[in-house]
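Asker: Protein sequence lines correspond, in order, to chains W and C. Note that my numbering has the first sequence beginning at 1, numbered continuously upward. Note that my numbering has the second sequence beginning at 1001, numbered continuously upward. By construction, the Cβ of each residue, glycine as well, lies at the ideal position given by its N, Cα and C atoms. Owing to the predicted nature of the structure, the values given are computational and were not obtained by experimental measurement.
There are 2 protein chains.
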Amino acid sequence: MLSANIEIRDYLANLIAEYNAGNGGHFTAGRLPSERELVEQFSSTRITVRDALTKLEAEGLIYRSNRRGWFVAPSRLVYDPSSRVNFYLLAAQQNKTPATQLISQRCIKGPAETREALGLVAKEKVIELVRLRSLNGRPVLFETIYLPEQRFPKLNKARLEGSLTVLMEEEYAVQICHEDNRIRVSAVYDQVAESLSLINGAPCLEVTRIRYEGDRKAFEFDKEYWVHSAIELSIPSK
Amino acid sequence: MLSANIEIRDYLANLIAEYNAGNGGHFTAGRLPSERELVEQFSSTRITVRDALTKLEAEGLIYRSNRRGWFVAPSRLVYDPSSRVNFYLLAAQQNKTPATQLISQRCIKGPAETREALGLVAKEKVIELVRLRSLNGRPVLFETIYLPEQRFPKLNKARLEGSLTVLMEEEYAVQICHEDNRIRVSAVYDQVAESLSLINGAPCLEVTRIRYEGDRKAFEFDKEYWVHSAIELSIPSK
DNA sequence: CAGTGGTCTAGACCACGAT
DNA sequence: TCGTGGTCTAGACCACTGG
């Protein structure tokens, strides 16, 4: 016995599969019918229709753009966090158009977790960079980067929307010696949710990264929130 | 302006934080108040209460046990997919009690994706093992393992609930040379959802793994579905 | 058996996006 | 301004769990 929300999910999942295979004139510009249209079509209610849409969202088959509608999710960016390939190159290799927007830049004391990870003492401050990255115009990554101020004086503002790895190498002679990545499924709220056009509490993939240089001195602490349907991690080993 | 579901979320998130810090007599045995109790407490409706609970679930702060109730999520298992530490050792190191249940064992042709990954031709078959793994009695991982029948004849049934890595080393002289892991946020349905006490469409962390031996011959294909609040991946590099 | 969550009905009003 | 999704009300019945 199928429940109604699963029925609707299956129906849409089939249309999406056809659309992705290039066989479908369903969906103009990847936009799904409005929730109210689906309600009519299935003689159902918005609760049930939204249940179905939420399931498809969880699977990563569709995504929402806040109050604009539901869209078929493009193929995922495949990303190896242990490789140091930068975002622009990675996107280009996978035929996607990347963009980066610097949202804010501050010099602050910083949260305890960050200070500890970077081994800061007394009055040492951190530079906090907040950036939003997009693929083909769709925001997919909200990231906050913390750098010890002392290690990176006079950051070149003009370059903060480009690859930081390259900037750090070229202007500060950074040589990465080690990197820790922590990956978990989590949820986004407030500024993160709004920036990514998601609703409060939407699931995401959270990556926390600490980078070390020289004799294992931490020089960078990152928090990344990925729109979960936009990414797949690839981790080779040995 | 806070919406009601966020208010309820925040209220519960605070209680959960206290409970986890050991300061709270809230929640007996980690069980949250029933949805209907929360409805009364907040003069709200189940829709709104469930919105709040779903958000907490997405964050990994609570989990549901199908039709039994909502529970505070224990600390996550930290897991490095590129290390070959087996599940039992890993759990023990983190003070958790592991268990494995073999759900089914078959010899079949297998799905196309699997056959391709394993490089099977003509009538070669695969052994399909389905297992459920638990931590402290809570199911956290549903996995399907595919092995080429020709490479692993006469599998020792008695050992299929233990570490396969150890079994393969000891009885088939397998030497892993390489491994690919693909990680994505996805959703569970049907048998997977039921086995994990989740509802259809609940989010999960999906890991697809291919292992190679000798001169890059694939000998194992795995699909893992993790209850997302039960796991955090740790990926060191360089 | 009672109590839980799972699913669903049939509406309503609001905030925001596009135009 | 109109259409979209976001949030919410006030119920209902069902499936399953546990005592």
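(1) CA-CA distance, residue 84 (chain W) and residue 211 (chain W)?
(2) Can the beta-carbon of residue 233 (chain W) be found closer than 9 Å to that of residue 78 (chain W)?
(3) Taking only runs that begin and end inside the segment 1203-1227 of chain C, name each unbroken beta strand (DSSP E) of 3 or more residues, in chain order.
(4) Note down, in chain order, every chain C residue with its Cβ under 9 Å from the Cβ of residue 76 (chain W).
(5) When DSSP labels each residue in this structure, what does residue 1099 (chain C) get in the three-state scheme?
(6) Starting from residue 1049 (chain C), trace the alpha helix (DSSP H) both ways and give me its first and last residue.
(7) Give me the chain W residues within the contact set of residue 1014 (chain C), using Cβ-Cβ distance strictly less than 7 Å, ordered along the chain.
(8) Would you check if the distance between the CB atom of residue 231 (chain W) and the CB atom of residue 76 (chain W) is smaller than 9 Å?
(9) Grouping DSSP H, G and I as helix and E and B as strand, with all else coil, what is residue 24 (chain W)?
(10) Does DSSP put residue 181 (chain W) in a helix, a strand or coil?
(11) Closer than 7 Å by C-beta to residue 1177 (chain C): which residues in its own chain qualify, once you throw out the five before and the five after it? Chain order, please.
(12) How about the segment 1188-1204 of chain C and the segment 47-66 of chain W: do they share at least three Cβ pairs that are nearer than 8 Å?
(13) Give me the residue from W:73, W:224, W:209, W:218 with the minimum Cα distance to residue 119 (chain W).
(14) Less than 9 Å between CB atoms is the rule here; does residue 1202 (chain C) satisfy it with respect to chain W?
(15) May I ask you to report which of helix, strand or coil DSSP gives residue 87 (chain W)?
(16) Locate the beta strand (DSSP E) running through residue 234 (chain W), then write down its first and last residues.
(17) For chain C, find out if any of its Cβ atoms is closer than 9 Å to the Cβ of residue 54 (chain W); answer yes or no.
(18) Taking C-beta pairs closer than 9 Å, name the residues in chain W that residue 1020 (chain C) reaches, listed in chain order.
(19) May I ask you to list, following chain order, the residues of the segment 80-108 of chain W that have a beta carbon less than 7 Å from some beta carbon of chain C?
(20) For residue 1148 (chain C), list the residues DSSP reports as bridge partners.
(21) For residue 1236 (chain C), count neighbouring Cβ atoms within 10 angstroms of its own Cβ and tell me buried if that reaches 16, exposed if not.
(22) Does the separation of the CB atoms of residue 994 (chain C) and residue 1065 (chain C) fall below 9 Å?
(23) Can you check which of these residues, W:26, W:73, W:179, W:96, is closest to residue 59 (chain W) by C-alpha distance?
(24) With respect to the alpha helix (DSSP H) encompassing residue 172 (chain W), which residues constitute its N-terminal and C-terminal limits?
(25) Identify the contact partners of residue 267 (chain W) in chain C, using a Cβ-Cβ distance below 7 Å as the criterion.
(26) So for residue 195 (chain W), helix, strand or coil by DSSP?
(27) Counting only Cβ pairs nearer than 8 Å, list the residues of chain W close to residue 1141 (chain C).
(28) If we ignore side chains and look at the alpha-carbon of each, how far apart do residue 1012 (chain C) and residue 47 (chain W) end up?
(29) Name the residue from C:1181, C:1228, C:1062, C:1056 whose alpha carbon lies nearest to the alpha carbon of residue 189 (chain W).
(30) Starting from residue 77 (chain W), trace the beta strand (DSSP E) both ways and give me its first and last residue.
(31) Which bits of chain C does residue 6 (chain W) rub up against, with CB to CB less than 9 Å?
(32) Relative to chain W, which residues along the segment 1154-1179 of chain C have a C-beta separation below 9 Å, given in chain order?
(33) Quick check: what's the CA-CA separation for residue 27 (chain W) versus residue 19 (chain W)?
Answerer: Once the coordinates are examined:
(1) 11 Å
(2) yes
(3) 1217-1227
(4) 1184
(5) strand
(6) 1046-1059
(7) Near residue 1014 (chain C) there are no residues of chain W at all, since even the closest Cβ is about 15 Å away, more than 7 Å.
(8) yes
(9) coil
(10) strand
(11) 1212, 1213, 1214, 1216
(12) yes
(13) W:218
(14) yes
(15) helix
(16) 231-237
(17) yes
(18) Result: empty, since nearest Cβ-Cβ is about 16 Å, beyond 9 Å.
(19) 81, 82
(20) C:1126
(21) exposed
(22) Given a span of 1001 to 1238 for chain C in the structure shown, any question on residue 994 (chain C) remains unanswerable.
(23) W:73
(24) 164-172
(25) Because chain W spans 1 through 238 in this model, residue 267 (chain W) falls outside it and cannot be assessed.
(26) helix
(27) Residues of chain W passing the Cβ test: none, with the nearest at roughly 14 Å.
(28) 24 Å
(29) C:1056
(30) 77-79
(31) 1189, 1200, 1201
(32) 1176, 1177, 1178, 1179
(33) 8 Å
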